[in-house]
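The opening residue of the sequence shown carries number 1422 in my numbering; numbering runs sequentially from there.
Ideal Cβ positions, reconstructed from N, Cα and C, are used throughout, including at glycine.
None of these values were measured; they are calculated from a predicted model.
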Amino acid sequence: MCLSKLGQVEITPGNMLYDGLKQELRLKLKHVFSGVIPTNIFFNVLKQQREELDKLRKTFLFVCQQIGINGVQVWQTELSTITIDALNSCFSRFTSEKQSVPLKSTAFNAFILKMLQFTDPT
1422 MCLSKLGQVE ITPGNMLYDG LKQELRLKLK HVFSGVIPTN IFFNVLKQQR EELDKLRKTF
1482 LFVCQQIGIN GVQVWQTELS TITIDALNSC FSRFTSEKQS VPLKSTAFNA FILKMLQFTD
1542 PT
């Protein structure tokens, strides 16, 4: 593609598609993990999230296979990034004793906070 005022512009649709898939996957994973839960149905919510993640993973890997992208690597990278961010957030909330406003409790955050309380890392 050539534009007269800007010079030559190179568009690589493969890279744009790859970046778009990563961004969309990150949004979907955050949406799945961000469901607010009451404490009495914690395990039901975990079961629902597991089923949603399983469907999302199968769909994502199928699409990646059709367009020639290593979907397993992208899935693992994005999931680990989200997990590390959530762990850091939970750990910082757990270690800070001043919580003026209670934050919403997601299934993932509740699980991590319980694990931190049981293992007492401080």
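With 16 or more other Cβ atoms from the protein chains shown falling within 10 Å of its own Cβ, F1481 counts as buried. Contact between L1442 and I1490 is confirmed by a C-beta separation of about 7 Å, below the 8 Å threshold. For the region 1438 to 1508, the continuous alpha helix (DSSP H) assignments of 4+ residues that do not extend past its boundaries occur at 1463 to 1488, in sequence order. When the beta-carbon positions are compared, Q1470 and A1528 come within less than 7 Å of each other. Approximately 6 Å separates the beta-carbon atoms of L1474 and V1453; this is inside 8 Å, confirming the contact. Judged by beta-carbon spacing, L1450 lies within the 7 Å limit of I1503, meaning their Cβ atoms are closer than that value.
In the three-state reduction of the DSSP assignment, T1433 falls in the coil class, being assigned neither a helical nor a strand state.
Straight-line measurement puts the Cα of Q1487 at about 13 Å from the Cα of L1438.
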